[in-house]
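Chemist:
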Amino acid sequence: MYLLDTNICIYLMKNSFPSMTEKVFSHSPSEFYISSITVYELEYGAAKSKWCERTRQNLHLFLASFNILEFDSSDTVSAGMVRAHLEENGTPIGAYDVQLAG
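Counting in my numbering, the sequence shown runs from 1204 upward without gaps.
#1: K1226 to T1279, Cα distance in whole Å?
#2: Would DSSP call F1269 helix, strand or coil?
#3: Pull up the CB-CB distance for I1211 and L1303, whole angstroms please, since I reckon it's below 8 angstroms.
#4: Just checking my contact of G1207 with F1228 at CB under 8 angstroms: how many whole Å lie between their CB atoms?
#5: Determine the closest residue to M1216 out of R1259, I1271, V1301 and K1253, with distance taken between C-alpha atoms.
#6: What does the Cβ neighbour count give for F1269, buried or exposed, with the cut at 16 atoms within 10 Å?
#7: Answer yes or no: do V1301 and I1271 have a C-beta to C-beta separation smaller than 8 angstroms?
Structural data, given as C-alpha cells:
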C-alpha cells in the first residue's frame, strides 16, 4: 500500500517526473491511496487555479484512478496523539501533515 501526498499527486498530474509517473502507473491502482485531506488540498489548489473548471475536471479524472481514504473520528485521536508527541519533542509539523501522520 502506498499513500500519495499532495506534492506527489501534483507531480503525477503534471507528469513532472516521467520516470516516477511511469513507475506509479505500472502498478495496480489498488496499491495506491490518497487521503481525503490530500483531496481537500488538491481541490483548494484547483479552486484557486486560473482555469478552475478544467483543473477540477482533470483532478476528478485523476482521483478516479485511486482509492480515497477518509479521515474519520478514530483518525482524530491518532493525529492528536502524534501532534502532542511531536510538540513535546520539539519537532512540530503542519496541521495537515499531522492529520496524515495520524
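Each residue gets a CB set at the ideal place from its N, CA and C atoms; glycine is no exception.
All of these numbers come straight from a predicted model, not from anything done at the bench.
Modeler: Quick look at the numbers:
#1: 32 angstroms
#2: coil
#3: Their Cβ separation, rounded to whole angstroms, is 12 angstroms, which puts I1211 and L1303 out of contact at 8 angstroms.
#4: Checking the sequence shown, residue 1207 turns out to be Leu, not Gly. Wrong, their Cβ atoms sit about 12 angstroms apart, outside the cutoff.
#5: R1259
#6: buried
#7: no
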